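So the sequence lines, in the order shown, correspond to chains A and B. Residue numbers for the first sequence follow numbering that gives the first Met the number 0, beginning at 0 and rising by one. Residue numbers for the second sequence follow numbering that gives the first Met the number 0, beginning at 0 and rising by one. Please read the structure below before turning to the comments.
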Amino acid sequence: MVNKRLIINEKWCKGCGICVAFCPKQVLVLKKGKVTKANPDACIKCGQCEQRCPDYAIYLEKVEEGAN
Amino acid sequence: MASELINNTMRLRNLPHIWCPGCGNGILMRDVAQAITNLGLDRDKVVIVSGIGCSSRAAGYMNYNTLHTTHGRAIAFATGIKMAKPELTVIVITGDGDSSAIGGNHLIHAARRNIDLTVVVFNNNIYGMTGGQFSPTTPTGSFATTAPYGSIDRTFDLPTLAMGAGATYAARGSAYHVPQTTKLIQDGIAHKGFALIDCMAVCPTYYGRKNKKGDAVKMMTWQKENVVLKAKADTMTPEELEGKAVIGCFRNEPEVPEYTAEYTKLIERLKKA
């Protein structure tokens with residue numbers, strides 16, 4: 000099974016809050032205008048944030064088995 | 000630092016893009032990139048053509064053969080490319096003003112000819128780049144810089160306009176509905192003939208602010224709650240559909256002769272004559 004890791008590119012985040020609003024598990028919050036993971040353990044790696052981030056600042060990255 | 004999709008389809012040196020926080024254009028541009036990727040098209044055989052406006056900045060970000068043209072003329076340039084090299088996949092990224100006001104004639108005649116172009120409209124219902132003037136898709140009664148008392152204009156429904164002009168593929172998607180909109184764009188690209196996909200964007204900066212629609216999250220939530228898929232809409236009454244927006248494919252007629260194919264046939268016929 001391929002594992003996935005949630006990555007945030009703070010430099011590209013404009014703080015619109017779309018990912019925060021549509022995350023089904025309330026994993027994300029805005030802090031000082033940038034998205035951060037407030038509750039990373041709740042993330043189900045569904046990718047809803049990545050799909051709707053207008054700035055490509057949050058995404059799931061595949062990681063090799065055993066690396067995460 | 001970006002996802003595999005963005006690394007493979009965008010010019011990273013030009014990112015982050017200039018669009019406002021929460022602008023729907025970024026989501027829709029990703030949908031286009033995803034659709035091209037899903038189809039497994041060779042990057043060198045894809046051309047992205049854009050006109051002028053917020054939407055049309057997309058040609059600068061996408062890592063394909065790209066052409067950023069003059070206002071309203073994207074479809075005219077795209078027609079030239081397709082006529083010269085019919086083997087290329089030509090995708091036009093345009094806005095509501097670019098495609099249906101300034102470029103309205105190019106739109107209807109490309110649709111009439113059924114030339115194999117895919118026109119993806121990032122429809123934000125306003126002229127964003129120039130300061131919030133109303134466009135042909137600004138809903139009647141909405142406010143804009145040039146409609147301080149509310150617009151009295153009736154609107155264009157772009158898929159209906161395209162179908163009336165002869166388009167053989169017409170669809171509507173929305174920024175919120177990512178997988179559905181990606182699929183509609185993908186089917187439009189795969190379609191051999193003129194395809195238009197009207198994509199509901201969100202413009203929190205101008206349309207949203209002028210009309211008290213709230214921020215990007217509120218505007219996206221409106222789409223989540225009020226956009227109806229066509230299959231469902233077909234079972235609903237006009238009263239139930241009041242105030243809703245319908246997304247889906249409204250026409251897909253692959254059997255109609257395509258313009259560049261007909262032109263090639265004409266050349267072959269005249270060679271023999």
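We treat Cβ as the ideally placed atom computed from N, Cα and C, and that holds for glycine. Note that the structure is predicted; figures quoted are calculated from it, not measured.
### Query
Interface residues of chain B around A/Gln50 at Cβ under 7 Å?
Val177
### Query
Are there 16 or more other CB atoms within 10 angstroms of the CB of B/Gly52, so buried, or fewer, so exposed?
buried
#### Entry: Alpha-carbon spacing of A/Lys13 relative to B/Pro20, whole angstroms
5 Å
### Query
Are the C-beta of A/Arg53 and some C-beta of chain B separated by less than 8 Å?
Note that residue 53 of chain A is Pro in the sequence shown, not Arg. At least one chain B Cβ lies under 8 Å of A/Pro53.
### Query
To the nearest angstrom, how far is it from the Cα of B/Arg42 to the Cα of B/Asn64?
8 Å
### Query
If you draw a straight line from the C-alpha of A/Cys22 to the C-alpha of A/Glu49, how long is it?
10 Å
### Query
What whole-angstrom Cβ distance do B/Ala58 and B/Ile47 have, given they're in contact under 8 Å?
5 Å
### Query
For a contact meaning CB atoms closer than 7 Å, what does B/Val45 contact in chain A?
Neighbours of B/Val45 on chain A: none; closest Cβ ~19 Å, over 7 Å.
### Query
Quick one: what does DSSP say B/His108 is sitting in, helix, strand or coil?
helix
### Exposure of B/Leu265, with buried meaning 16 or more beta-carbon neighbours within 10 Å
exposed
### Message
Could you compute how far the alpha carbon of B/Glu267 sits from the alpha carbon of B/Ile114?
### Response
18 Å
### Task
May I ask you to report which of helix, strand or coil DSSP gives A/Ile7?
strand
### Message
Let me check one thing: in DSSP terms, what residues is A/Cys132 bridge-paired to?
### Response
Nothing can be reported for residue 132 of chain A, as the shown portion of chain A is limited to 0 through 67.
### Task
In angstroms with no decimal places, state the Cα-to-Cα distance between B/Pro256 and B/Gly192.
8 Å
### Query
Assuming B/Leu183 contacts B/Cys248 under a Cβ cut-off of 8 Å, what Cβ separation, rounded to an integer in Å, is found between them?
6 Å
#### Entry: Pick from B/Phe133, B/Pro15, B/Gly127, B/Gly102 that is closest to B/Val118, judged by C-alpha positions
B/Gly102
### Message
Would the stretch 162-176 of chain B count as touching the stretch 106-113 of chain B if we require 3 or more Cβ pairs under 8 Å?
### Response
yes
#### Entry: B/His176 versus B/Gln222 - alpha carbon distance
8 Å
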